[in-house]
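Novice: Residue numbers (this note's numbering): 4 to 92. Take this structure first; my questions come after.
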Amino acid sequence: MRIGVKYCGGCNPRYERKAFVDKVSKNLGEMYDLVVAKEGEIYDFILVMGGCMNCCANFKHVETRRGVFCVKSAADYEKVLNAITKIGE
4 MRIGVKYCGG CNPRYERKAF VDKVSKNLGE MYDLVVAKEG EIYDFILVMG GCMNCCANFK
64 HVETRRGVFC VKSAADYEKV LNAITKIGE
């Protein structure tokens, strides 16, 4: 499964977003490919990495087959894993 990761601009990050993505990738394993999302490409799932509660990253030009999850804090970790594994079933 190919997961596009879209980062916000990082103006007010309240957690280490890259470390969060690395942890998710490690926990999910090789069946899931987390890559920086690019316009014009289609992903199975989009993970929007907001640095704060606004989650203001613009992802309207990134296409997804199965949905989007906006991460607003490190506390969203288990929710992210559950969302991704649920659609991967």
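For every residue, glycine included, the Cβ atom is placed at its ideal position computed from N, Cα and C. In this text, all values refer to a predicted model and were calculated from it rather than measured experimentally.
(1) Which two residues bound the contiguous alpha helix (DSSP H) that contains residue 24?
(2) With DSSP run on the structure shown, which of helix, strand or coil describes residue 81?
(3) I need the DSSP call for residue 9, collapsed to helix, strand or coil.
(4) For residue 77, is the classification buried or exposed, using 16 other Cβ atoms within 10 angstroms of its Cβ as the cut-off for buried?
(5) Roughly how many angstroms lie between the CA atoms of residue 7 and residue 43, to the nearest whole one?
(6) Could you tell me if residue 73 is buried or exposed, where buried requires 16 or more neighbouring beta carbons within 10 angstroms of its beta carbon?
(7) Verify whether the separation of the beta carbon atoms of residue 9 and residue 86 is less than 7 Å.
Specialist: Reading from the atomic positions:
(1) 20-31
(2) helix
(3) strand
(4) exposed
(5) 12 Å
(6) buried
(7) no
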